[in-house]
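Everything below concerns the one structure shown next.
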Amino acid sequence: MPRVAIIGAGLIGRAWAIVFARAGWDAAIYDAADGVADKALGLVAEGLSELAKHGLVDDPKAAASRVRAAKSVADALDGASLAQENVPETVEAKRAIFAELDALAAPDTILASSSSAIVPSLFSENLAGRARCLVAHPVNPPHLVPIVELLGAPWTAPETIARARQVFESIKQVPIEMRREIEGFILNRLQGALLAEAFRLVGEGYVSPQDLDKTIKDGLGLRWSFMGPFATIELNAPGGIADYCARYTGFYKRLQSKPAGPEVYDDANVANILREWGKQPTAGQLAELTRWRDQRLAALAAHKRTQPSS
Numbered sequence: 001m002p003r004v005a006i007i008g009a010g011l012i013g014r015a016w017a018i019v020f021a022r023a024g025w026d027a028a029i030y031d032a033a034d035g036v037a038d039k040a041l042g043l044v045a046e047g048l049s050e051l052a053k054h055g056l057v058d059d060p061k062a063a064a065s066r067v068r069a070a071k072s073v074a075d076a077l078d079g080a081s082l083a084q085e086n087v088p089e090t091v092e093a094k095r096a097i098f099a100e101l102d103a104l105a106a107p108d109t110i111l112a113s114s115s116s117a118i119v120p121s122l123f124s125e126n127l128a129g130r131a132r133c134l135v136a137h138p139v140n141p142p143h144l145v146p147i148v149e150l151l152g153a154p155w156t157a158p159e160t161i162a163r164a165r166q167v168f169e170s171i172k173q174v175p176i177e178m179r180r181e182i183e184g185f186i187l188n189r190l191q192g193a194l195l196a197e198a199f200r201l202v203g204e205g206y207v208s209p210q211d212l213d214k215t216i217k218d219g220l221g222l223r224w225s226f227m228g229p230f231a232t233i234e235l236n237a238p239g240g241i242a243d244y245c246a247r248y249t250g251f252y253k254r255l256q257s258k259p260a261g262p263e264v265y266d267d268a269n270v271a272n273i274l275r276e277w278g279k280q281p282t283a284g285q286l287a288e289l290t291r292w293r294d295q296r297l298a299a300l301a302a303h304k305r306t307q308p309s310s
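The following block contains the structure:
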């Protein structure tokens, strides 16, 4: 069986273990904190069992048996064709773990980071094996949201990107390839643009946060669950994208003449939004809401499996 090294056994690391084990890979999880990797095994097994309820895993016990807790980074890397790093989101932490991975991994092992915003040139430049390093950024939770953003540094070998794409496609994720570095990558920049406008609209009193959420949940989000923005506008004018641009970009140009700026995240505006939102869920309530979200995402994933692609 192919093997993956999961470095960091937090939320994302555990989800990656679910993804690879579900696809038939052997997964070794390592975490620098004592006992964390061992505890992760039970959480991975629980996650696989939940997926099985939606028909997303055929044999959750067999999948769980393919995941083990590694005693060290070197132990996790033993026989691994890919290492997926999930340490804290700082340049210093990424540099330290990638130096260790590069020193210990076999020469043909791909070294991938789950970084959410840090470009790979910031932590791989001085490595002897920098050509095999890249970002493979998932979305939380990756065992239910399959997109993976692949981003190489200027020195990452094209063969590394091609092999990584093949790996993620083989485990039923949806890799996309970024052509060059930009902070935040693609998904977070799109999400950030929407969030900034949402914070502006609520903070300036145009709409309640609850009604804004409905606008996405019961409006844009329904189309976006199976169509991207370009595919969406292609169907919103008789002549497709060119016709849409001819009809509506004048309107959008006016909207973009004063885009929401960083001030929407200032303390005063955040306080307005929190006051409007009203509720302050407890840790237990947040955990329950997370379980509800994951169940809805699993049901959506199961539904999408049954539908034809465009």
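Per the numbering used here, residue 1 is the first one in the sequence shown, and the count goes up by one each step. All residues carry an ideal CB built from backbone N, CA and C; glycine is no exception.
- By the neighbour-count definition (other C-beta atoms within 10 Å, threshold 16), I216 is an exposed residue.
- In the three-state reduction of the DSSP assignment, R179 falls in the coil class, being assigned neither a helical nor a strand state.
- The continuous alpha helix (DSSP H) containing V36 extends over residues 36-53.
- The DSSP-derived three-state label of Q285 is helix.
- Judged by DSSP in its simplified three-state form, A136 adopts strand.
- In the three-state DSSP reduction, L235 falls in the coil class, being neither helix nor strand.
- Residue pairing by DSSP places V87 opposite no residue, since no beta bridge is assigned to it.
- DSSP, reduced to helix, strand and coil, places L255 within a helical segment of the structure shown.
- By the 16-neighbour rule on beta-carbons within 10 angstroms, D102 is buried.
- Fewer than three pairs of CB atoms, one per stretch, sit closer than 8 angstroms, so the segment 44-57 makes no contact with the segment 116-124.
- Straight-line measurement puts the Cα of L274 at about 43 angstroms from the Cα of T156.
- Here the segment 287-306 makes no contact with the segment 58-73; the two share fewer than three CB pairs at distances below 8 angstroms.
- The straight-line gap separating the alpha-carbon atoms of L48 and V135 is approximately 25 angstroms.
- Between the segment 133-150 and the segment 14-21 there are three or more C-beta pairs closer than 8 angstroms, enough to call the two in contact.
- D266 and A196 have their C-alpha atoms spaced approximately 11 angstroms apart.
- About 5 angstroms separates the Cβ atoms of G8 and V87, confirming a contact at the 8 angstroms cut-off.
- With respect to the 7 angstroms criterion, V67 and A21 are classified as neighbours on the basis of their beta carbons.
- Exclusion of the five residues before and after G10 leaves N86 as the residues of its chain whose Cβ lies within less than 7 angstroms of its Cβ.
- Secondary structure of E92 (DSSP, three-state): helix.
- According to the DSSP secondary-structure assignment, E149 is paired through a beta bridge with H137, I176.
- Non-local beta-carbon contacts of W277 in its own chain, meaning distances under 6 angstroms to residues more than five positions away in sequence, involve P209 in chain order.
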